[in-house]
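Report on the structure given below.
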Amino acid sequence: MLEYRIDRHSGVATYVQIVQQTKQALRLGLLQPGDKLPAAREVVEATAINPNTVLKAYRELEREGLVEARRGLGTFIRKALGNAPADSPLRGELADWARRAREAGMDRDDVAALFTSVLEQQFKGGGEA
Numbered sequence: 003m004l005e006y007r008i009d010r011h012s013g014v015a016t017y018v019q020i021v022q023q024t025k026q027a028l029r030l031g032l033l034q035p036g037d038k039l040p041a042a043r044e045v046v047e048a049t050a051i052n053p054n055t056v057l058k059a060y061r062e063l064e065r066e067g068l069v070e071a072r073r074g075l076g077t078f079i080r081k082a083l084g085n086a087p088a089d090s091p092l093r094g095e096l097a098d099w100a101r102r103a104r105e106a107g108m109d110r111d112d113v114a115a116l117f118t119s120v121l122e123q124q125f126k127g128g129g130e131a
């Protein structure tokens, strides 16, 4: 089951972190259509956040058509996203690259900035390079 990790120092709203983590799990194939998201109560217990924050995130995911709430049953994934399975060979290559960047003395923020700039260059305007 998906476990949310909330970074209170990131500057990103908590509900947005939940939405982003859910989308990432969908893109990686960790969540599939029909899978059930954790109950809001479970997320609250695991993360010590306000229940309304979890519900706001789930409503946003529902508005985007990614999940559906079934009264009395929970919230379920409606559709998959992307094509980046967690077992992709590219993941290993990226992990090697990140390890080399760390060994070269780069910290997490440096790596994120570099990676983001390359992504923006390669996927200008959201399209293919």
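For the sequence shown, my numbering assigns the number 3 to the initial residue and increments by one for each residue that follows. Using N, Cα and C, we set each Cβ at its ideal position, and we do this for glycine too.
Spatial distance of residue i from residue j (CA atoms)
| i | j | result |
| --- | --- | --- |
| Leu39 | Gly76 | 7 angstroms |
| Leu92 | Tyr6 | 24 angstroms |
| Glu47 | Ala41 | 10 angstroms |
| Glu130 | Arg10 | Confidence at Glu130 is low in this model, with a pLDDT of 47, below 50, so its placement is unreliable and the value that follows should be read with caution. Cα-Cα distance, rounded: 34 angstroms. |
| Arg104 | Leu28 | 27 angstroms |
| Gly94 | Asn85 | 16 angstroms |
Beta-carbon contacts of residue i that lie in its chain and below 7 angstroms, excluding the five residues immediately before and after
| i | result |
| --- | --- |
| Lys25 | Leu83 |
| Arg72 | Phe78 |
| Gly36 | Phe78 and Ile79 |
| Ile8 | Thr16, Gln19, Thr49 and Ile51 |
| Val120 | none |
Beta bridge counterpart(s) of residue i as assigned by DSSP
| i | result |
| --- | --- |
| Gly76 | Arg72 |
| Lys38 | Phe78 |
Under 8 angstroms between C-beta atoms of residue i and residue j
| i | j | result |
| --- | --- | --- |
| Leu33 | Leu57 | no |
| Leu1 | Ile79 | Outside the modelled stretch of the chain, which goes from 3 to 131, sits residue 1, for which no answer is possible. |
Anticipated Cβ contact below 8 angstroms, residue i with residue j, distance rounded
| i | j | result |
| --- | --- | --- |
| Val21 | Glu70 | Their Cβ separation, rounded to whole angstroms, is 15 angstroms, which puts Val21 and Glu70 out of contact at 8 angstroms. |
Residues near residue i by beta carbon distance below 6 angstroms, same chain, minus five either side
| i | result |
| --- | --- |
| Asn54 | none |
| Asp111 | none |
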